[in-house]
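Engineer:
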Amino acid sequence: MGSCLSNESQSPRPGSPMGTRKRKNSKRRLGHQNSCDYRREERLHRTPGRMFLNGSSEIASLFTQQGKKGTNQDAMLVWENFGSRTDTVFCGVFDGHGPYGHMVAKRVRDSLPLKLSAHWEVNIKSDEVLREVSLNTTATGSFCSEGTSFISADEESRASIDVEETGKQQEIFEKLKESFLKAFKVMDRELRMYANIDCFCSGTTAVTLVKQGQELVIGNVGDSRAVLATRDENNSLTAVQLTVDLKPNLPAEAERIRKCKGRVFSLHDEPDVARVWLPNNDSPGLAMARAFGDFCLKEFGLISVPEVSYKRITDRDEFIVLATDGIWDVLSNKEVVDIVDSCSTRSNAARTVVETAVRAWRSKYPTSKVDDCAVVCLFLDSNESITSTAKPKENIPEHDDVSPKNGDEAVEEGNEEFSEAANEECSDDERVNIEVGKEWSALEGVSRVNTLVNLPRFEPGKEDKKAAGERKARK
């Protein structure tokens, strides 16, 4: 296994005064940046209606559990009253991978919704200005040609309402689609500039949605998944997959990667898992075609552009499940929908899905290491009486066999909840410092579900080799 290109590898020579001064200044700047990040996260984590730990509210249930691979690299979020809109909610799950994947997933979880909200607000205001200009410059009155056919007042009214409704839906989708595309682009660009998170060989998926009233817009990157539970004409509960798992085996994805000189192929011991490889190096073997981060592959066909889709919610639609591939690798869409539907209380829904997935891992792949799991259940008919059993930010009691580790357990409400969250976020740098000297392996268990197979090793250039030779000669 190789190691990632790190910021340390690109530093000036240790023997030069400039090198020493830069390292001191960089440490000072990094400390200041960490302090600013902590204060920003503190304000963010105290936002009313924003849930990122195990728990539930009247409209949602969320739960994550660490697998057997090390630090939990999954993250999740439910943000009610999103963008200060009482009828709007944001949901997302994020599956990190690579040595810094847990940090990338959390950073995207915290930053992406803010960028999405900001771009959405700008688009709305820009549209309002354009509409006002259009109204002021358009001549009033109506015109009819000689060939115009007349319809009744009722028919005209109905047609007008239908057109207006369709136009409104299209307008909401177009604004949010543009906002999703801009926010994802800015988020990925920002990850490249972070000094304390090395995203060269680390990244994350993101399946996110914004629900405003009955309008639903989904933005997806990677192989996490969104599934809708709805009733068919026979009133049977069915599962409808809302997103496509953006893997390299999809023809369009593979074609784009190969045009950019990247390679797509499967390993002999996992012929059904297509992976993305560097042109002249059998690494990193990424099992998805789109992701945040992973900049070692961004010049070779990997992109962070989301697939954005729209759906109008109907009375037949009951709930949506967002989950990372730790769930979908062992449970089908229908199985997950039936598990949620069978829960006696909605507050336990996400946890029950995770527990069932963990048992499925142990039975289907007894020699494998269980993957991290994260689930968000968003209930669309929250006015029904069953929701009375769920309380905002309810903490679900832990059981010994599935208790999360490293700060991912459910915590008490209020200050204690934030205290645990802050500790969880701040411990990331400590974990990285402990692990950075080790040669990192994505998974020492089954390779079928590895997100990464190998990391490209940094090869020093001529100047680096010359500097190393000079240092050795001085010794």
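Numbers 1 to 475, taken from the UniProt record's numbering, label the letters of the sequence shown in order.
Cβ coordinates follow ideal geometry from the N, Cα and C atoms, glycine included.
Computed from a prediction, not measured in an experiment: that's the story for all the values here.
Just tell me which of V240, R85, R107 and G222 has its CA closest to the CA of L44.
Structural biologist: That would be R107, whose Cα lies nearest to the Cα of L44.
Engineer: Taking DSSP's pairing of strands, which residues face Y310 in a bridge?
Structural biologist: Per DSSP, V217.
Engineer: In the segment 201–279, which residue ranges form an unbroken beta strand (DSSP E) of at least 3 residues, counting only runs that do not cross its ends?
Structural biologist: Entirely contained in the segment 201–279, the beta strand (DSSP E) runs reaching 3 residues are, in chain order, 206–212, 215–221, 225–231, 237–241, 263–265 and 275–278.
Engineer: Quick check: the Cα distance between I218 and Q169, rounded to an integer number of angstroms?
Structural biologist: Their Cα atoms are separated by approximately 14 Å.
Engineer: I need the straight-line Cα distance from residue 563 to D372, nearest angstrom please.
Structural biologist: Within the shown structure, residues of the chain are numbered from 1 to 475, placing residue 563 beyond reach of any answer.
Engineer: I'd like the span of the alpha helix (DSSP H) that includes G326, first residue to last.
Structural biologist: Looking at the DSSP string, the run of the alpha helix (DSSP H) that includes G326 is D325 to W328.
Engineer: Return the Cβ separation of L286 and T71 in integer angstroms, given the expectation that the two are a contact with Cβ distance under 8 Å.
Structural biologist: Not really, about 19 Å apart at Cβ, beyond 8 Å.
Engineer: 9 Å is my cut-off, CB to CB: does R359 come that close to chain C?
Structural biologist: Within the model displayed, chain C is absent; a lone protein chain is all it includes.
Engineer: Taking the alpha-carbon positions, what's the A252 to L267 distance?
Structural biologist: Approximately 21 Å, taken between the alpha carbons.
Engineer: Quick one: is Q65 buried, meaning 16 or more other Cβ sit within 10 Å of its Cβ, or exposed?
Structural biologist: That one is buried.
Engineer: Could you spell out the range, first to last residue, of the alpha helix (DSSP H) harbouring A360?
Structural biologist: First-last of the alpha helix (DSSP H) with A360: A349 to K364.
Engineer: I'd like the list of long-range same chain contacts for L246, defined as Cβ closer than 8 Å, with 5 residues on each side in sequence excluded.
Structural biologist: Closer than 8 Å at the Cβ level, and outside the excluded window around L246, lie N220, V221, G222, D223, E253, M288, A289, R290 and E307.
Engineer: Closest to D111 by CA distance: which of T356, D381, F184 and S236 is it?
Structural biologist: Looking at the sequence shown, residue 111 is not Asp but Ser. It is F184.
Engineer: I'd like the span of the alpha helix (DSSP H) that includes N281, first residue to last.
Structural biologist: Where N281 is concerned, there is no enclosing alpha helix (DSSP H), although the beta strand (DSSP E) it sits in stretches over N281 to L286.
Engineer: Under DSSP, the beta strand (DSSP E) around S342 begins and ends at which residues?
Structural biologist: Note, S342: premise wrong, no beta strand (DSSP E); alpha helix (DSSP H) at N333 to S342.
Engineer: Give me the Cα-Cα distance between T88 and N333, rounded to the nearest whole angstrom.
Structural biologist: Roughly 26 Å separates the two Cα atoms.
Engineer: I need the straight-line Cα distance from G203 to Y310, nearest angstrom please.
Structural biologist: Cα to Cα, the separation comes out at about 26 Å.
Engineer: Near K364, what residues of its chain come up, given a Cβ to Cβ distance below 7 Å and the 5 sequence neighbours on each side ignored?
Structural biologist: Only V330 meet the Cβ criterion.
Engineer: Straight-line CA distance for K182 to N249?
Structural biologist: Whole-angstrom Cα-Cα distance: 26 Å.
Engineer: For Q65, which three-state DSSP category applies?
Structural biologist: Of the three classes helix, strand and coil, the one that applies to Q65 here is strand, per DSSP.
Engineer: Return yes when the Cβ of L237 is within less than 9 Å of the Cβ of A226, no when it is not.
Structural biologist: In this structure, L237 does not lie closer than 9 Å to A226 by Cβ.
Engineer: Per DSSP, which one or two residues make a beta bridge with D74?
Structural biologist: For D74, which the question treats as bridged, DSSP gives the partners D95.
Engineer: Would E178 and H119 qualify as a contact pair, given that the criterion is a beta-carbon distance under 9 Å?
Structural biologist: Yes, the pair counts as a contact, with Cβ atoms nearer than the cut-off.
Engineer: Which residues share a DSSP beta bridge with S111?
Structural biologist: Bridge partners of S111: none, in fact.
Engineer: If you draw a straight line from the C-alpha of I257 to the C-alpha of P271, how long is it?
Structural biologist: Rounded to whole angstroms, I257 to P271 spans 19 Å at the Cα level.
Engineer: For C96, which residues in the same chain have their Cβ closer than 6 Å to its Cβ, ignoring the five residues on either side in sequence?
Structural biologist: For the record, residue 96 in the displayed sequence is Gly; it is not Cys. So the qualifying residues of the chain are Q73, H102, V104, A105 and T204.
Engineer: For E318, which residues of its own chain have a beta-carbon under 8 Å away from its beta-carbon, when the five flanking residues on both sides are left out?
Structural biologist: The residues are A229, T230, R231, L237, D341, F379, L380 and D381.
Engineer: Go through its chain and collect everything with a Cβ distance to V354's Cβ below 6 Å, but skip five positions before and after it.
Structural biologist: Closer than 6 Å at the Cβ level, and outside the excluded window around V354, lie F63, Q65, C373 and V375.
Engineer: Is it right to say R109 is buried, meaning 16 or more other beta carbons lie within 10 angstroms of its own, or is it exposed?
Structural biologist: By the neighbour-count rule (16 or more Cβ atoms within 10 Å), R109 is buried.
Engineer: Since A239 contacts V337 with CB under 8 Å, what's their CB separation in whole angstroms?
Structural biologist: So it is a contact: roughly 4 Å between Cβ atoms.
Engineer: Just how far apart, CA to CA, sit E299 and P99?
Structural biologist: Approximately 20 Å between the Cα atoms of the pair.
Engineer: E58 by DSSP, collapsed to three states: which one?
Structural biologist: The answer is coil: DSSP assigns E58 none of H, G, I, E or B.
Engineer: Can the beta-carbon of I313 be found less than 9 Å from the beta-carbon of E171?
Structural biologist: No, the pair does not count as a contact, with Cβ atoms beyond the cut-off.
Engineer: Out of W277, T47 and A323, point me to the one whose CA is closest to V453's CA.
Structural biologist: When each option's Cα is compared against that of V453, the closest is W277.
Engineer: How far does the beta strand (DSSP E) with F379 in it extend, from its first residue to its last?
Structural biologist: Its beta strand (DSSP E) spans residues C373 to F379.
Engineer: What does a CB cutoff of less than 7 Å around L176 pick up in its chain, not counting 5 residues either side in sequence?
Structural biologist: Answer for L176: W120, V210 and V217, listed in chain order.
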